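*Asks:* Just so you know, the sequences run in chain order A and B. So for the first sequence, my numbering puts the first residue at 1; every next one is plus one. So for the second sequence, my numbering puts the first residue at 1001; every next one is plus one. Don't be surprised by glycine CBs; every beta carbon is placed ideally from N, CA and C. This structure is a prediction, so every number in the text was calculated from the model and none was measured. Submitted below is the structure of interest, expressed as structure tokens.
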Amino acid sequence: MVGFRVAALRGCILAAAVVLGAASGAHADETNDKNAGDKKAGMAADAMRLLEQADRRKAGVPASSAAGFLAPTPGPALTDADLGRALRAGIPPAQGIDVRNDAVAPPALDPYFEGTFKFTHHLYVGRDLVTYDKGVYAVPRKEAYVGTFTYFAQPTMTDVAFVYPKGSFVVVGKKLTPDGTAETGIFIAEDVTAGIALYFVKATPEYLADFERRHARATEAYRRQQAAEAADSGFDFGQVLALGLGAAVISSADLPGVDKMQLGQAFVSDVLGEGEGGALMNTLISASQGGGGGDSLFSGGMSFEAPGLDGLLGGLAQQALGAPQPSGAPPSNSPPSHSGPPAGALAAAPAAAAASGGSALSEAYSFSCPSGASYSIPVSYRNASCGAAMKNFARVYSCNLIGDFASAGQQCKQACGSAQCAEQ
Amino acid sequence: MNTRCRALLAGAALLTVALAPAACTSMGQGMAESAARANAARYAAQGNPQFSDPALQAIVKDFEARYAEIGLDAEKLGMAQGKPCPVTKETAFQVLKGMSYEQYLDSQAEVARKVPGYTGTTDINAVQLVSLAGACGDNGPEGRAVVVGTTRDIIRHSGEGYSNVIIIDNVQRIEGTWAGGQRSGSFTWIVITQTAQFKPGENGALEVDINDWDYINEMREAPTASYFYFVADDSGKPKYTVGFARNPIAGTYSTSVEEHIDGTYGYSRTWQGTELRYEARTKNGAMHGWQIIHPTEYDGTPIPGQRNCYQNGEQIKALECPST
């Protein structure tokens, strides 16, 4: 309080000094002020003329493909009343559009989500929210994220008049840009406020796993603090923690099989190998170069009102159908091949002897899935039993054998001390 | 309310937009102004960062000597003492901006198409070029030379219910070497910028935008001086780019150093006063590796640091972030 008064006094003294200073020189400056005013009026007139010329020049520039990319923001959008009705009825809204506010964009270019919705319990505000499920998050003229969305509630101020729930979105799917590029991957927008524009950033599997661990710890601490029963959030954090977030989110994504396999394989490579997340990056690059497609993006054959999106997705599907499949024995950290050794075959190629000092043994583990796809994944371990668990983990996740995820995680935990097979 | 005022004062760019001051009470304004002036004084008292690298330290000493002589006074750049260069306005523009007049207009039209509400242009009639030392012929300076010139840029931001026009007058001095109309090797560039802000009046004509809060007007009118040193190695390849920006009223005391490690990699740091504020590594000119934003404080309030990973210019959420 004292600091407040002192600061206010300082401000008032400064303001008074400025006023007094201005008054003392008022007469002497009159002529100069008039000249300066005339000069500025001339500058302003010139500026108006030049800006009009610039406007004409801008209008003369041929429109690029970016100008119409998912623009303008379509309407009508779901209103707060619509969302409230859905929550009361206990039925998520059918496919629709949710427009978010971007303070620096005109309304016609505000970002929007179009797709299906679901309920997610927000632990910190103590109620369900309507969140995104499958669809597109479009930033007109710039980019779009198409895929399956997962919402993670985050600490939110609730002792205020208007509660704006905070959370993070994870998208597993594709990033589309006006130049026609489609990049398959995992994208995250953290610490976002309900209704405000989302800014997605590409994320590595390790980051997602770390994000999830932090999130689970915060959730657990909050629950303990509230001394409440575990909430029915519809998202079991303990289970996700055991499985590893990247794999869990990838496995639940509505992505074409090839894309999901590639992401899952990259996730496993990054977690089990000693790399720096390069496998996912390589897979993403490969996917985008190869069209990054597969069959149509959504299994339900969803149709969109977003301007031009149906055409974009159709083009991607066509491109994917015409793209050659990768073949041959891949180097480590490369996309999976579709020819290789029979299911479960182990083509071990030790790169380092596990001699004294506990140095790591690295090898390329090759196997085939029930689907017929073949993989070669680099694994690195010091302990043979942990190595076996790693290989099982790699096979289960790469083949997307969802029913075996839990047992693979348990095996890793027993053999390596970590549910993701990271040796402790 | 006061917090909002402080937040505004934390960034001079936001201040020029002048959207929110009307919402601040006079007491809040006084406190915010007081905090901003105290912040500026804090950095002013710190002086400049000093370096153990003799080359960088020599640049700091050179800047300190020049700033003591020229400071923020555009007239001291020597425009009035120069000998007019016998060049067209377009050639003078090329010398001063490093690109042709047409290229500049095209680039601004391209930006305007991408950024909603933005229009940018330049007034070719405001371009002047004089020579202080060395030869200056039809193609501009030739050989080792010192030139001084003026340019005027015009920017408009418009949106729902507002339109701001900013006229930016630049007086600049370039000391370098030219060959065949092109600048080459090391050079020094000093630019002193003065802005004036306008808005449409009732009849649609532009009129000077005077804010109710005097401190905002004072900041808008305060000149900014930027001193850049582009240092090349013996083969002419960039070695260091060092910049000093000073605007005491706005509290700008930034120093930036980019070391061009080789043809591919770079390392850049930015200080405010002597406080290291940002660090980033680059690869082929794009950020590559961790960008570190160091913690600081404003008016007694700690502002936490953060680090962001970039790979080939794209931000990525990652735990490991290689810079090679």
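With a threshold of 8 Å between beta-carbons, can aspartate 179/A be considered close to chain E, or not?
*Replies:* No chain E is part of this structure, whose protein chains are labelled A and B.
*Asks:* At a cut of 8 Å, does the region 1183 to 1199 of chain B reach the region 1223 to 1237 of chain B through at least three beta carbon pairs?
*Replies:* Output reads yes: the region 1223 to 1237 of chain B touches the region 1183 to 1199 of chain B.
*Asks:* Give the residues of chain B in contact with arginine 57/A, contact being defined as C-beta atoms less than 9 Å apart.
*Replies:* Result: Leu1105, Asp1106, Gln1108, Ala1109, Ala1112 and Thr1121.
*Asks:* For the beta strand (DSSP E) containing arginine 1307/B, list its first residue and its last residue.
*Replies:* Here the beta strand (DSSP E) through arginine 1307/B covers 1306 to 1311.
*Asks:* Just to confirm my understanding: we take glutamine 1272/B, look at its own chain, exclude 5 residues before and 5 after, and list those with CB closer than 7 Å. What are they?
*Replies:* For glutamine 1272/B, where only same-chain residues beyond five positions count, the Cβ hits under 7 Å are Tyr1043, Tyr1253 and Ser1254.
*Asks:* Would you say phenylalanine 1228/B lies against chain A (beta-carbon separation less than 8 Å)?
*Replies:* Not closer than 8 Å to any Cβ of chain A, the Cβ of phenylalanine 1228/B fails to qualify, so no.
*Asks:* Under three-state DSSP, which class holds arginine 223/A?
*Replies:* Correct three-state label for arginine 223/A: helix.
*Asks:* If you measure from the beta carbon of isoleucine 426/A to each beta carbon in chain B, is any gap under 8 Å?
*Replies:* No statement about residue 426/A is possible, as the shown extent of chain A runs from 1 to 424 and does not include it.
*Asks:* When you compare only the Cα positions, how much space is there between methionine 1079/B and isoleucine 1168/B?
*Replies:* Those two C-alpha atoms are separated by around 17 Å.
*Asks:* Tell me where the beta strand (DSSP E) around cysteine 1136/B begins and ends.
*Replies:* From DSSP, the beta strand (DSSP E) with cysteine 1136/B extends over 1128 to 1137.
*Asks:* Kindly indicate which residue of Glu1064/B, Asn1308/B and Glu1314/B has the alpha-carbon position closest to the one of asparagine 1372/B.
*Replies:* No answer is possible for residue 1372/B: it lies beyond the span of chain B, which begins at 1001 and ends at 1324.
*Asks:* Decide if methionine 1287/B is buried, meaning its Cβ has at least 16 other Cβ atoms within 10 Å, or exposed.
*Replies:* Result: buried.
*Asks:* Does the distance from the CB of phenylalanine 200/A to the CB of tyrosine 112/A come in under 8 Å?
*Replies:* It is not a contact, given that the beta carbons lie outside the stated cut-off.
*Asks:* Could you say which of Glu206/A, Ser368/A and His122/A lies nearest to tyrosine 438/A if we only look at CA atoms?
*Replies:* Since the first residue shown for chain A is 1 and the last is 424, residue 438/A is missing from the structure and cannot be characterised.
*Asks:* Within the continuous alpha helix (DSSP H) that includes alanine 1065/B, where are the two ends?
*Replies:* It spans 1054 to 1069 - the alpha helix (DSSP H) in which alanine 1065/B sits, taken as one unbroken run.
*Asks:* What residue range does the alpha helix (DSSP H) around lysine 1114/B cover?
*Replies:* 1101 to 1114 is the span of the alpha helix (DSSP H), which, as asked, contains lysine 1114/B.
*Asks:* Please list, in chain order, the chain B residues whose beta carbon lies closer than 9 Å to that of valine 61/A.
*Replies:* Near valine 61/A (Cβ distances below 9 Å), the residues of chain B are Asp1106, Ala1109, Glu1110, Ala1112 and Arg1113.
*Asks:* Please determine, among Asn1247/B, Thr1264/B and Ala1045/B, the residue with the shortest C-alpha to C-alpha distance to proline 1238/B.
*Replies:* Closest option to proline 1238/B, Cα to Cα, is Thr1264/B.
*Asks:* Comparing alpha-carbon positions, which option in Ala66/A, Ser168/A and Pro76/A lies nearest aspartate 191/A?
*Replies:* Here the closest residue by C-alpha is Ser168/A.
*Asks:* Alpha carbons only, please: which of Ser1158/B, Ile1190/B and Ser1163/B is nearest the one belonging to arginine 1173/B?
*Replies:* Of Ser1158/B, Ile1190/B and Ser1163/B, the residue nearest in Cα terms is Ile1190/B.
*Asks:* What distance in whole Å lies between the Cβ atoms of asparagine 392/A and glutamine 411/A, which are believed to be in contact at a cut-off of 8 Å?
*Replies:* At roughly 6 Å, the Cβ-Cβ gap stays under 8 Å, so glutamine 411/A and asparagine 392/A are in contact.
*Asks:* Name the chain A residues whose beta carbon is nearer than 7 Å to that of glutamine 946/B?
*Replies:* Absent from the structure is residue 946/B, since the part of chain B shown begins at 1001 and ends at 1324.
*Asks:* Say whether chain B places a C-beta atom closer than 8 Å to the C-beta of tyrosine 207/A.
*Replies:* Interface residue, yes.
*Asks:* Do alanine 1035/B and aspartate 1234/B have their beta-carbon atoms positioned less than 8 Å apart in this structure?
*Replies:* Cβ distance not < 8 Å, so aspartate 1234/B and alanine 1035/B don't count as in contact.
*Asks:* Looking at chain A, which residues of the region 1241 to 1252 of chain B have a Cβ within less than 7 Å of any of its Cβ atoms?
*Replies:* Of all residues in the region 1241 to 1252 of chain B, none has a Cβ within less than 7 Å of some Cβ in chain A.
*Asks:* What do you reckon, are the CB atoms on leucine 1129/B and leucine 1096/B nearer than 8 Å?
*Replies:* Against a cut-off of 8 Å, the Cβ pair of leucine 1096/B and leucine 1129/B comes out as a contact.
*Asks:* Run down chain A in chain order and give the residues with a C-beta less than 8 Å from the C-beta of alanine 1205/B.
*Replies:* Simply Ala44, Ala45 and Met48.
*Asks:* In the region 134 to 167 of chain A, which residues sit with their C-beta less than 8 Å from some C-beta in chain B, listed in chain order?
*Replies:* The region 134 to 167 of chain A vs chain B, Cβ under 8 Å: Arg141.
*Asks:* Between the beta-carbon of glycine 1071/B and the beta-carbon of threonine 1274/B, is there less than 8 Å?
*Replies:* Against a cut-off of 8 Å, the Cβ pair of threonine 1274/B and glycine 1071/B comes out as no contact.
*Asks:* Who are the near neighbours of alanine 203/A in its chain, counting only those whose CB is closer than 7 Å to its CB and skipping five residues on each side?
*Replies:* Excluding residues within five positions, the ones whose Cβ falls inside 7 Å are Ile186, Phe187 and Ile188.
*Asks:* Would you say the region 1115 to 1127 of chain B touches the region 1143 to 1161 of chain B, given that touching needs at least three Cβ pairs under 8 Å?
*Replies:* Counting Cβ pairs under 8 Å, three or more are found: they touch.
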